[in-house]
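Working notes, beginning with the structure itself.
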Amino acid sequence: MVELNCETDFVGRNDLFGKLLVDIAHSAAYHAEEPSDFQENPTLLRTCSVNALLDAPYLQKDPSQSPDPSASIGSAIRDTIAKVGENISLRRVVSVVLPSAPESVQAGVRVASYIHGSTTEPSLGRMGTLALLYLKSPNLKARFVEEAFRGDLAKLERALARQIAGFDTRSIRLVTESPETVLYEQPFMLFLGEFSGQPVKNVLQAWAAQKGLLDSNANEEYQGISVNEFAKWSVGQDLLSDGTLADELSTIETGSS
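Each residue of the sequence shown is one higher than the one before, counting from 1 in our numbering.
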């Protein structure tokens, strides 16, 4: 996820600005490196050095575009500034980085995303959310090959990302202020259907059971699905406020223990 700033809404809606933003996000995802300190810092959402990225190769998302091997992200920004006649600055970047894991691991990570206030392009807007969902079950591989399961999971992912964006969500499980700011304590209003309005924590447990992710015969201590990290950014947000949140990363709230 990338925050790219310009001076006016006119340029913000310009196709050149939109393409630049999409390509920078594509480049940042490509250049993100596997964390070397995962044991000490078990987070998968990592902020990227803006200065380092400005010098990194500029990779266009559209494969039909002829790449310029000499182009950097910084030079692409300068070229766009020359074309639109307005200053553009890269403010911050966060990427999902996954450490290597053996195939025997009966778990997986999914990335949920939502952009609010989009204009010309659905992936561009004034507020963005990334959330990491952790799934663990001896039945996960069997479920995941089913198209219906993948479709239901995609709906759940989008609803969770929209919930984080639409509510004043500041943490996942940890109650430090009002319970209304804690994702797991919020009524899941943006997940329509039989679970709508129930606390997010309860919905995740019920959904995991309904989809066959909980196996009472397995020796796994934790099973099911949980939200482990999220980033919620708004354009112009105070960088001193914590836009990337993660708490109790090793806990799977949908277990039956």
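Glycine included, every Cβ here is placed at the ideal spot set by N, Cα and C.
Please classify residue i: does DSSP put it in a helix, a strand, or coil?
i, result
"Pro35", "coil"
"Asn5", "strand"
"Ser89", "strand"
"Val200", "helix"
"Thr43", "coil"
"Val105", "coil"
"Val182", "strand"
"Val97", "coil"
Please look up how many angstroms separate the CB atoms of residue i and residue j, rounded, as I've assumed it's under 8 Å.
i, j, result
"Glu34", "Pro99", "6 Å"
"Leu59", "Gln106", "With 8 Å as the limit, Leu59 and Gln106 do not qualify as a contact, their Cβ atoms being about 34 Å apart."
"Ala161", "Thr129", "5 Å"
Where do the N-terminal and C-terminal ends of the beta strand (DSSP E) with residue i fall, by residue?
i, result
"Arg173", "That residue, Arg173, is in no beta strand (DSSP E); it is neither H nor E in DSSP."
"Lys211", "Element bounds for Lys211: n/a, residue is neither H nor E."
"Asn228", "Gly224 to Ser234"
Where does the unbroken alpha helix (DSSP H) through residue i begin, and where does it stop?
i, result
"Val84", "Ile73 to Val84"
"Ser51", "A quick correction: the sequence has Asn, not Ser, at residue 51. That run of the alpha helix (DSSP H) goes Val50 to Leu54."
Is the separation between the beta-carbon of residue i and that of residue j shorter than 8 Å?
i, j, result
"Leu302", "Ser171", "Lying before the first or after the last residue shown, residue 302 is absent from the chain, which here runs from 1 to 257."
"Gln163", "Leu190", "yes"
"Val2", "Leu21", "yes"
"Glu86", "Thr8", "yes"
"Leu156", "Trp207", "yes"
"Leu133", "Val97", "no"
"Arg91", "Asn14", "no"
- Query: What are the uninterrupted segments assigned as beta strand (DSSP E) that are 3 or more residues long and contained completely in the segment 108 to 174, given in chain order?
  - Reply: Segments of the beta strand (DSSP E) lying fully in the segment 108 to 174: 127 to 136.
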